[in-house]
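For reference, the structure discussed in these notes is given below.
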Amino acid sequence: MTQDQAVRWYSTDELAEMLGIDASSLRRWRTTEPLQGPPFVRLSARRTIYNAADVEAWLRARRVDPAA
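Going by my numbering, the sequence shown opens with residue 143, and the numbers climb by one from there.
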């Protein structure tokens, strides 16, 4: 598998920094009903990760095109 084909995962802190939000927002989104935010994988009670492809798809779904 080449590096381009490698699956990229983000921690809560990494994703929060990338999105320009506080990590507490991601934690809140994971516990609200209904769930909000990008899909996630809960590895343990203290460790949650996000797949880069899922994050990109989640962002694309929220894209607003002012010209539309």
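Here a beta-carbon is modelled for each residue, glycine too, at the ideal position from N, C-alpha and C.
Annotated three-state conformation of Val197 is helix, per DSSP. DSSP lists Ser186 as the beta-bridge partner residues of Arg189. Around the beta carbon of Val197, 16 or more other beta carbons sit within 10 angstroms, so the residue counts as buried.
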